[in-house]
Amino acid sequence: MDKEMYTSMATLSPPNLVIDRGIALHKMIRLITMGLGGEGYLTFMGNEFGHPEWLDFPRIGNDESYHYCRRQYYLADDPNLKYKYLNQFDKAMMHLEKKYNFLSHGQNYISRKHQGDKLVVFDRADKLVFVFNFHPNNSYTDYKIGVNIPGKYKIVLDSDAEEFGGHKRLDHNTDFFTANDPWDNRRCSLMVYIPCRTAFVLAKVD
-17 MDKEMYTSMA TLSPPNLVID RGIALHKMIR LITMGLGGEG YLTFMGNEFG HPEWLDFPRI
43 GNDESYHYCR RQYYLADDPN LKYKYLNQFD KAMMHLEKKY NFLSHGQNYI SRKHQGDKLV
103 VFDRADKLVF VFNFHPNNSY TDYKIGVNIP GKYKIVLDSD AEEFGGHKRL DHNTDFFTAN
163 DPWDNRRCSL MVYIPCRTAF VLAKVD
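For the sequence shown, counting from 1, position 171 maps to 153 in this note's numbering; every step adds exactly one.
#1: Checking the sheet assignment: what are the DSSP bridge partners for ASP105?
#2: On the three-state DSSP scale, how would you describe TYR48?
#3: Taking 6 Å as the limit between beta carbons, can you name the residues of its chain near VAL138, skipping five residues before and five after?
#4: ILE176 bridges to which residues according to DSSP?
#5: Checking 8 Å against the spacing of the C-beta atoms, do TYR135 and LEU172 come in under that value?
#6: Could you tell me the distance, in whole angstroms, from the CA atom of THR180 to the CA atom of PHE39?
#7: Please report the distance separating the alpha-carbon of SER11 from that of PHE158.
#8: Closer than 7 Å: is that where the CB of ALA181 sits relative to any heavy atom of the ligand FAD?
#9: Our contact map puts ARG168 next to GLY133 with C-beta atoms below 8 Å; I'd like the distance itself, whole angstroms only.
#10: Taking the straight line between their C-alpha atoms, what separation do you get for ASP45 and LEU85?
#11: Considering just the uninterrupted stretch of the beta strand (DSSP E) at LYS9, what are its terminal residues?
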């Protein structure tokens, strides 16, 4: 987001495509790192809310300055700044892990990685299906994804939700039912709507 982070992160600022893109990708990158990173997840001070500056300890090269040897945590607590959206999404990711313990559940299975569609789909902990659409423009209606466990699924995390600074393009009240139609080396499949630059997690509920 470069210099735009210093001028366009207020919630009352006019819409900014650079900021919108940066916030969307920041959430997606963090979630895919957590989902595919193995049995642990490590972040760094301030990364959880998109801290705008690097960390640079006093040294000869910066004239022993303490200016960048700090974390501006107040940015995440300011209700008038969009950093709060990134911080809230990070909390939601932690809640997802606490509820489903997917990090300690062994290996994930990547059922789809489509370069043309810019899509990644994988499942973890038997009950969770992660869906990522990195395409900047294309949203997909009735897109078939593979699911290994049959049943009913619901959205339990959505990077496009309003509380995370998103555009509310997904209906969290929707029930997704599997079809007995194997797909992408999974035993059954689901049809889903996948907005551009959005990630969401489905959980088996029945």
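Every residue, glycine too, gets a C-beta built ideally from N, C-alpha and C.
On the basis of the supplied data:
#1: TYR91 and VAL111
#2: coil
#3: VAL183 and ALA185
#4: TYR122
#5: yes
#6: 36 Å
#7: In the sequence as displayed, the identity of residue 11 is Ile instead of Ser. Using only the alpha carbons, I get a separation of about 25 Å.
#8: Among the components modelled here there is no ligand, and therefore nothing to report on the ligand FAD.
#9: So it is not a contact: roughly 13 Å between Cβ atoms.
#10: 43 Å
#11: No beta strand (DSSP E) holds LYS9; the alpha helix (DSSP H) holding it covers -1 to 18.
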